[in-house]
Amino acid sequence: MHYELYIDVFFLINFMMDYIVLSLTRRILKCPATHGRICMGAAVGAFTTCIVMTIPGMNMFLKFILFHMVSNVLMIQIGFKIGWNKTFLRAYVLLYISAFIIGGVMEHLYQYLRVGSLFFALAIAGYYISLSIWNLMTYLAERNVRRLGVRLSKDGKEYETEALIDTGNRLRDPVTGKPVSIISAKTAVKLGISMPLEECRYISYQSVGKPDGVMPAVILDAMRVEKKPLVLI
Numbered sequence: 000m001h002y003e004l005y006i007d008v009f010f011l012i013n014f015m016m017d018y019i020v021l022s023l024t025r026r027i028l029k030c031p032a033t034h035g036r037i038c039m040g041a042a043v044g045a046f047t048t049c050i051v052m053t054i055p056g057m058n059m060f061l062k063f064i065l066f067h068m069v070s071n072v073l074m075i076q077i078g079f080k081i082g083w084n085k086t087f088l089r090a091y092v093l094l095y096i097s098a099f100i101i102g103g104v105m106e107h108l109y110q111y112l113r114v115g116s117l118f119f120a121l122a123i124a125g126y127y128i129s130l131s132i133w134n135l136m137t138y139l140a141e142r143n144v145r146r147l148g149v150r151l152s153k154d155g156k157e158y159e160t161e162a163l164i165d166t167g168n169r170l171r172d173p174v175t176g177k178p179v180s181i182i183s184a185k186t187a188v189k190l191g192i193s194m195p196l197e198e199c200r201y202i203s204y205q206s207v208g209k210p211d212g213v214m215p216a217v218i219l220d221a222m223r224v225e226k227k228p229l230v231l232i
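Set out below in structure tokens:
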């Protein structure tokens with residue numbers, strides 16, 4: 000079977016896809032690489048791919064080695080300018096993750112491809128969709144990590160609920176100096192704490208829309224935090 004390979008078009012397509020994959024990897028890796036370096040890395044990746052594809056008689060195993068151990072390594076080192084350390088290994092893995100995400104998006108968008116000239120527009124759309132997917136995955140992962148199961152105890156009563164790790168909460172008890180955890184009125188009722196409280200002290204706080212708020216302070220017997228985060232859908 001005879002195939003005709005237009006090397007200029009092949010190079011342009013590979014350059015475009017390598018640039019998109021490197022750009023997405025850079026965003027995930029939070030690498031300060033410039034667009035110029037990304038272009039250089041994509042160009043080297045596309046050039047080495049063209050060389051490998053045009054060498055006659057090369058077996059598939061050798062092509063596999065050249066693609067994954069030479070071309071991709073050169074793209075990472077030139078595009079990100081990082082050393083041979085854990086950052087490189089992380090970039091190498093993220094490169095394949097980015098390619099996998101973009102490949103899946105492009106495979107889905109391919110069914111809507113009717114005109115060949117729209118390929119580059121769809122490639123750009125695939126990049127932004129892939130970036131949105133990754134941002135959503137990161138948000139859900141961080142959301143799960145920040146939510147932990149807790150068991151509260153007060154006067155022999157226990158109640159299990161869900162707690163949110165709020166790094167912006169710097170509220171402390173002015174009397175004891177200990178950090179304050181905020182519970183809802185529903186949780187307080189579950190623990191047998193009647194609202195409103197008859198004898199308690201109040202802690203002043205500031206929040207969005209309420210610069211001079213106050214809340215009652217209750218000292219619980221115990222608050223046990225689960226080691227593993229809750230799995231939320």
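Residue 137 in numbering that gives the first Met the number 0 sits at position 138 of the sequence shown, with consecutive numbering throughout. Ideal Cβ placement from N, Cα and C applies to all residues, glycine included.
Helix, strand or coil for residue i, going by three-state DSSP, please let me know.
{"i": "Val-224", "result": "strand"}
{"i": "Tyr-95", "result": "helix"}
{"i": "Leu-229", "result": "Any reading at Leu-229 is ruled out, since the residue's pLDDT is 43, under 50, leaving its predicted position unreliable."}
{"i": "Arg-169", "result": "coil"}
{"i": "Ser-70", "result": "helix"}
{"i": "Ile-202", "result": "strand"}
{"i": "Val-51", "result": "helix"}
{"i": "Lys-189", "result": "helix"}
{"i": "Lys-80", "result": "coil"}
{"i": "Lys-62", "result": "helix"}
Output the distance between the C-alpha atoms of residue i and residue j, rounded to the nearest integer angstrom.
{"i": "Gly-82", "j": "Asn-71", "result": "15 Å"}
{"i": "Met-136", "j": "Leu-28", "result": "14 Å"}
{"i": "Tyr-5", "j": "Met-68", "result": "25 Å"}
{"i": "Lys-185", "j": "Val-207", "result": "22 Å"}
{"i": "Val-43", "j": "Leu-93", "result": "19 Å"}
{"i": "Arg-171", "j": "Lys-153", "result": "20 Å"}
{"i": "Val-51", "j": "Phe-66", "result": "8 Å"}
{"i": "Cys-30", "j": "Ala-187", "result": "46 Å"}
{"i": "Ile-100", "j": "Gly-191", "result": "50 Å"}
{"i": "Ser-193", "j": "Glu-225", "result": "27 Å"}
{"i": "Thr-86", "j": "Asn-134", "result": "20 Å"}
{"i": "Thr-233", "j": "Ser-129", "result": "There is no way to answer for residue 233, as the model of the chain reaches only from 0 to 232."}
{"i": "Ala-162", "j": "Ser-131", "result": "27 Å"}
{"i": "Ile-232", "j": "Ala-32", "result": "Here Ile-232 scores only 34 on pLDDT, less than 50, and its place in the model is too uncertain to base an answer on."}
{"i": "His-107", "j": "Lys-156", "result": "53 Å"}
{"i": "Lys-62", "j": "Ile-181", "result": "59 Å"}
{"i": "Phe-60", "j": "Glu-3", "result": "23 Å"}
{"i": "Val-174", "j": "Lys-209", "result": "22 Å"}
{"i": "Pro-55", "j": "Ile-64", "result": "16 Å"}
{"i": "Leu-88", "j": "Ser-183", "result": "45 Å"}
{"i": "Val-179", "j": "Tyr-138", "result": "26 Å"}
{"i": "Asn-58", "j": "Thr-160", "result": "60 Å"}
Which residues in the same chain have their Cβ closer than 6 Å to the Cβ of residue i, if we skip the five residues on either side of it in sequence?
{"i": "Ile-12", "result": "none"}
{"i": "Val-213", "result": "Tyr-201 and Ser-203"}
{"i": "Val-230", "result": "Annotation note: pLDDT 42 at Val-230 (below 50); position unreliable, no value reported."}
{"i": "Asp-220", "result": "Ser-152 and Lys-153"}
Grab me the residues of residue i's own chain with a C-beta within less than 8 Å of its C-beta, minus the 5 sequence neighbours each way, in chain order.
{"i": "Cys-199", "result": "Pro-215, Ala-216 and Val-217"}
{"i": "Cys-49", "result": "Ile-6, Phe-9, Phe-10 and Asn-13"}
{"i": "Met-74", "result": "Asp-17, Leu-21, Gly-40, Ala-41, Val-43, Gly-44 and Leu-94"}
{"i": "Ile-123", "result": "Ile-19"}
{"i": "Asp-211", "result": "Ser-203 and Gln-205"}
{"i": "Tyr-91", "result": "Asn-71, Val-72 and Ile-75"}
{"i": "Leu-23", "result": "Ser-97, Ile-100, Ile-101, Tyr-126, Ser-129, Leu-130 and Trp-133"}
Under the DSSP definition of a beta bridge, which residues are partnered with residue i?
{"i": "Lys-153", "result": "Lys-156"}
{"i": "Ala-216", "result": "Arg-200"}
{"i": "Gly-148", "result": "Glu-161"}
Quick test of your reading: residue i and residue j, contact by CB under 8 Å. State the CB separation rounded to the nearest angstrom.
{"i": "Asn-150", "j": "Arg-223", "result": "According to the sequence as given, residue 150 is Arg; it is not Asn. Contact flag correct, Cβ pair sits at about 5 Å."}
{"i": "Phe-79", "j": "Arg-25", "result": "7 Å"}
{"i": "Val-189", "j": "Tyr-158", "result": "In the sequence under discussion, the amino acid at residue 189 is Lys, which differs from the Val named in the question. Yes, Lys-189 and Tyr-158 are in contact; Cβ-Cβ is about 4 Å, under 8 Å."}
Which residues in the same chain have their Cβ closer than 7 Å to the Cβ of residue i, if we skip the five residues on either side of it in sequence?
{"i": "Cys-38", "result": "Tyr-18"}
{"i": "Val-104", "result": "Gly-125, Ile-128 and Ser-129"}
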